[in-house]
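Protein sequences appear in the order of chains A, B and C.
Taking numbering that gives the first Met the number 0, the leading residue of the first sequence gets 0, the next gets one more, and so forth.
Taking numbering that gives the first Met the number 0, the leading residue of the second sequence gets 0, the next gets one more, and so forth.
Taking numbering that gives the first Met the number 0, the leading residue of the third sequence gets 0, the next gets one more, and so forth.
Yeah, the Cβ is synthetic: ideal placement off N, Cα and C, and Gly gets one too.
Being a predicted model, the structure only gives us computed values, none of them experimental.
One structure is given below, encoded as C-alpha cells.
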Amino acid sequence: MTAADGLHAGRRVTPFSIESVDPARIKTVAAILQDPTPMHLDPAANRARGMGGALSTQGALNMTWFVETAVRFAGGVDRLVSFKVRFLANVFAGERFECTGTITAIDGDAARAELELVATADGRPVLGGTAVIKTG
Amino acid sequence: MPDYAELVGRRFPAGTYTLPEYVCWLWLDAAQLPPAYEAHPGLAHVVATYGMGVSVQEIVAMMGATVEDGVAFGEFGVEYHESLRAGATYECDAEVLEVERKRGRRSGIFDRLSFRVTIRERGSEAPVAVCTNAWIFPRGGR
Amino acid sequence: MSDYAHLAGHRFPGGTYTLAPWLSWLWSDACKLEPDWGTAHQGLAYLVALRGAGVSIQDIFDLMDATADSGVVFGEFQVDYHGVLRPGATYKCEAEVVDVERKSGRRAGVFDKFTFQVKVREQGSEDVTVVCTNSWIFPRAEGE
C-alpha cells in the first residue's frame with residue numbers, strides 16, 4: 000500500500016527490510032565512498048573493539064535504507080520531500096535490518112504527511128528520525 | 000579545552016561532483032535494492048560528500064581531531080527540491096551552522112558540529128537538495 | 000578509415016598517486032586473497048599506473064573515439080617489477096602512448112591495438128618501481 004491508500008495519523012508505514020546485510024556490499028560502499036575506516040573492511044577491526052567479528056555498515060548505507068522506507072511508502076522518489084535521521088547504533092553484516100514507523104501528521108492543504116520512522120538491526124534500535132512525503 | 004564555536008559561519012571551498020551512472024547502479028546494488036531508480040535519493044549523501052570541496056579528513060582536522068578519536072555521524076537530513084539525475088554535474092556549497100559543546104552521561108564531553116551542504120545542478124540557481132549533517136567529536140572526560 | 004597511429008608518442012599528464020592502505024586491503028579482499036594492512040598485492044600496479052598517469056579510462060576512450068559501449072577490451076598487460084609496491088606510499092608516474100596499430104583478424108574483424116606505458120617511481124626516488132605496458136583492443140566497424 001502507498002500513501003495514496005487512505006492516509007491518517009497513526010497509520011503504520013509499510014516495513015522495509017533487508018533480511019541479511021551482505022558484507023560484500025559494505026565493502027562496495029567503502030570503495031564508492033573512498034572510506035578508509037577499517038571497521039567497514041576488516042572483521043578483525045571490530046573484533047579488536049569488542050564488537051564481534053562482523054563488518055559494520057556505513058551510516059550512508061543505513062540512511063539509504065531509511066530513505067527507501069519513506070520512498071516506497073510515498074510511492075516514488077519524486078514524492079519524498081525531506082528526511083532527518085539520527086544514528087543510534089551500528090548495523091552489522093549478517094543482521095536483519097528493518098525500518099518502519101507511523102504517520103504522525105497530515106497537512107491536507109499542503110498535501111504533505113510526516114512520518115516517524117525507527118530502524119532496528121536484529122531488533123536493536125539503530126536509527127530514528129522523520130520524513131516528509133507528498134500525499135497529493 | 001579548546002572551543003570550536005568560532006567556526007560557525009565558516010564556508011568551505013565550493014566544489015563540483017559529477018554523479019556517474021555506474022555509481023548510481025552500484026549504490027542500488029550495494030544497498031541490496033532492485034534497479035528501480037535512476038539515482039536513489041540516498042545518493043544525496045555521496046554528492047554532498049564528494050562535492051563539498053573539503054574532505055572528511057579536513058573537517059576532522061578543523062575540529063582538532065583525528066579519525067582515530069571515534070568521530071561519528073550524529074544526524075543527517077536532506078530537503079529535496081528535485082530528484083537526483085545520473086550523469087548530472089552538481090555544484091556544492093557548504094558552511095558550518097553550529098558547534099555545540101555538550102556532555103552526556105555515558106558519552107562524556109563531546110562537540111556536535113552541524114554543517115549544511117547545498118547542492119545545485121551546474122548552471123542552475125535553484126537547489127536540488129539541501130543536506131544538513133551533524134557529526135559527533137568525543138572529547139573525553141565524564 | 001581513420002588511423003590513430005599519429006597518437007604514438009602522445010604523453011599523458013602524469014601525476015602522483017598515493018596507494019591508500021584501505022584501498023590496498025580492499026583490493027586483496029575483493030580478489031579473495033588474504034588482505035594484509037602492511038603488504039600491497041603486486042597486481043595493484045595496474046591501479047597505481049592508471050590513476051597516477053593522470054588519465055581516466057574515459058579519457059583514453061575519448062582519445063580513440065570510443066565509448067563504454069564500444070566493446071573495448073584488455074589486450075595485453077605487462078609489468079616489469081623493479082621494487083615492491085607499499086601501502087601508504089606516494090608514487091610519481093609518467094605515461095605515454097607507445098603505439099597504435101590497425102589490425103584485422105578473421106574472427107575479430109578490424110581493430111586498433113592501443114599500447115601505452117606508465118613508469119612508476121616512489122616519490123623522492125629516481126629508481127623505477129614498476130613499468131606497466133598496457134594494450135587495449137578497440138573494435139572498429141568496417142569502414143570506420
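- [ ] Kindly identify the DSSP beta-bridge partner or partners of B/C130.
- [x] In the second sequence, counting from the first residue as 1, residue 130 of chain B sits at position 131. Paired residue(s): B/V77, B/V116.
- [ ] Reducing DSSP to helix, strand and coil, say where A/G74 ends up.
- [x] One-based indexing of the first sequence puts residue 74 of chain A at position 75. Coil at A/G74, not helix or strand.
TODO: Pick out whichever of B/W24, B/F114, B/F72 has its Cα sitting closest to the Cα of B/F136.
DONE: The residue you call residue 136 of chain B lines up with position 137 of the second sequence. Per the Cα distances, B/F72.
Task: Other residues of its chain near A/T56: CB distance less than 8 Å, five sequence neighbours each side excluded - done: Position 57 of the first sequence, counted from the first residue, corresponds to residue 56 of chain A. Excluding positions up to five away in sequence, the list reads V20, I25, V28, H39, N89, V90, F91, A92.
Task: Separation of A/V125 from A/V131, as counted between CA atoms - done: Position 132 of the first sequence holds residue 131 of chain A. Position 126 of the first sequence holds residue 125 of chain A. Looking at the two C-alpha atoms, the distance is approximately 20 Å.
- [ ] Can you have a look at B/F75 and say buried or exposed, based on whether 16 or more other CB atoms are within 10 angstroms of its CB?
- [x] For the purposes of this step, residue 75 of chain B is taken as the residue at position 76 of the second sequence. With 16 or more other Cβ atoms within 10 Å, it is buried.
- [ ] Would you decide whether C/Q116 is buried or exposed? Buried here means 16 or more other CB atoms lie within 10 Å of its CB.
- [x] One-based indexing of the third sequence puts residue 116 of chain C at position 117. C/Q116 is buried by the Cβ-count criterion.
Task: Proximity to A/G135 [Cα-Cα], best of A/G75, A/Q33, A/V117 - done: Indexing the first sequence from 1 puts residue 135 of chain A at position 136. Here the closest residue by C-alpha is A/G75.
Open item on the list: Using a Cβ-Cβ cutoff of less than 8 Å, which residues in the same chain neighbour B/V129 once the five nearest sequence positions on both sides are dropped?
Closed with: Mapped onto the second sequence, residue 129 of chain B falls at position 130. Excluding residues within five positions, the ones whose Cβ falls inside 8 Å are V77, E78, H80, R115, V116, T117, I118.
Task: C/K118, buried or exposed, once every other Cβ within 10 Å from all chains shown has been counted against 16 - done: Residue 118 of chain C sits at position 119 when you count from the first residue of the third sequence. Classification for C/K118: buried.
- [ ] Please list the partners that B/L25 has in chain A, where partner means a Cβ-to-Cβ separation under 8 Å.
- [x] Indexing the second sequence from 1 puts residue 25 of chain B at position 26. Going along chain A in sequence order, the residues near B/L25 (Cβ under 8 Å) are T27, I31.
- [ ] For my contact list, C/C131 and C/A44 are in at a C-beta cut-off of 8 Å; report their separation, rounded to the angstrom.
- [x] By 1-based counting over the third sequence, the position of residue 131 of chain C is 132. By 1-based counting over the third sequence, the position of residue 44 of chain C is 45. Indeed, because the Cβ distance is near 6 Å, the residues count as touching under 8 Å.
- [ ] Mark B/V95 as exposed unless 16 or more other C-beta atoms lie within 10 angstroms of its C-beta, in which case mark it buried.
- [x] Position 96 of the second sequence, counting from 1, holds the residue named residue 95 of chain B. With 16 or more other Cβ atoms within 10 Å, it is buried.
TODO: Would you kindly check if the distance between the Cβ of C/A7 and the Cβ of C/D98 is under 8 Å?
DONE: For the purposes of this step, residue 98 of chain C is taken as residue 99 along the third sequence, with counting starting at 1. For the purposes of this step, residue 7 of chain C is taken as residue 8 along the third sequence, with counting starting at 1. In contact: C/D98 and C/A7 (Cβ atoms closer than 8 Å).
Task: Cross-chain neighbours of B/F11 in chain A, by beta carbon under 9 Å - done: For the purposes of this step, residue 11 of chain B is taken as residue 12 along the second sequence, with counting starting at 1. In chain order: nothing, as chain A lies at least about 18 Å away.
Open item on the list: On the criterion of 16 or more Cβ atoms from any shown chain inside 10 Å, does C/A4 qualify as buried, or is it exposed?
Closed with: In the third sequence, counting from the first residue as 1, residue 4 of chain C sits at position 5. Result: exposed.
- [ ] Taking 8 Å as the cut-off, decide whether the C-beta atoms of B/S113 and B/T131 are in contact.
- [x] For this step, residue 113 of chain B is matched to residue 114 along the second sequence. For this step, residue 131 of chain B is matched to residue 132 along the second sequence. Cβ atoms of B/S113 and B/T131: closer than 8 Å.
TODO: Would you kindly work out how many angstroms separate the C-alpha atoms of C/K91 and B/E5, rounded to a whole number?
DONE: Sequence index remark: in the third sequence, residue 91 of chain C carries index 92 (1-based). Sequence index remark: in the second sequence, residue 5 of chain B carries index 6 (1-based). C-alpha separation (whole angstroms): 39 Å.
- [ ] Indicate the three-state DSSP secondary structure (helix, strand or coil) for A/S55 in the structure shown.
- [x] Position 56 of the first sequence holds residue 55 of chain A. Looking at A/S55 - three-state DSSP - the assignment turns out to be strand.
Open item on the list: Rounded to the nearest angstrom, what separates A/L116 and C/V47 at their Cα positions?
Closed with: Start at 1 with the first residue of the first sequence, and residue 116 of chain A comes out as number 117. Start at 1 with the first residue of the third sequence, and residue 47 of chain C comes out as number 48. In a straight line, the C-alpha of A/L116 is about 44 Å away from that of C/V47.
Task: The alpha helix (DSSP H) enclosing A/N89, as first and last residue numbers - done: Position 90 of the first sequence, counting from 1, holds the residue named residue 89 of chain A. From DSSP, A/N89 is part of no alpha helix (DSSP H); its letter is neither H nor E.
Open item on the list: Buried or exposed for B/R9, going by 16 or more other Cβ atoms inside 10 Å?
Closed with: Residue mapping note: residue 9 of chain B aligns to position 10 of the second sequence, counting from 1. Result: exposed.
- [ ] Use the C-beta contact count for A/I31: other C-beta atoms within 10 angstroms, 16 or more gives buried, fewer gives exposed.
- [x] As a first step, residue 31 of chain A must be located in the first sequence, where it is residue number 32. So A/I31 ends up on the buried side.
Task: Through-space distance from A/P22 to C/S69, alpha-carbon basis - done: Here residue 69 of chain C refers to the residue found at position 70 when the third sequence is read from its first residue. Here residue 22 of chain A refers to the residue found at position 23 when the first sequence is read from its first residue. Distance between the alpha carbons of C/S69 and A/P22 is about 33 Å.
Open item on the list: Under 8 Å, Cβ to Cβ, is there at least one residue of chain A near C/W149?
Closed with: Given a span of 0 to 143 for chain C in the structure shown, any question on residue 149 of chain C remains unanswerable.
- [ ] Give me the Cβ distance between B/A13 and B/G52, rounded to the nearest whole Å; I'm assuming they're in contact under 8 Å.
- [x] In the second sequence, counting from the first residue as 1, residue 13 of chain B sits at position 14. In the second sequence, counting from the first residue as 1, residue 52 of chain B sits at position 53. Indeed they touch by this definition, with Cβ atoms about 5 Å apart.
TODO: Return no unless some Cβ of chain B is closer than 8 Å to the Cβ of A/R111.
DONE: On the first sequence, position 112 is the one that residue 111 of chain A refers to. Not closer than 8 Å to any Cβ of chain B, the Cβ of A/R111 fails to qualify, so no.
TODO: State yes or no: is the C-beta of A/T63 within less than 8 Å of the C-beta of B/A47?
DONE: In the first sequence, residue 63 of chain A corresponds to position 64, counting from 1. In the second sequence, residue 47 of chain B corresponds to position 48, counting from 1. No, they are not a contact pair.
Open item on the list: Need the endpoints of the beta strand (DSSP E) that A/P124 sits in, please.
Closed with: The sequence position of residue 124 of chain A within the first sequence is 125, counting from 1. Where A/P124 is concerned, the enclosing beta strand (DSSP E) stretches over 123-133.
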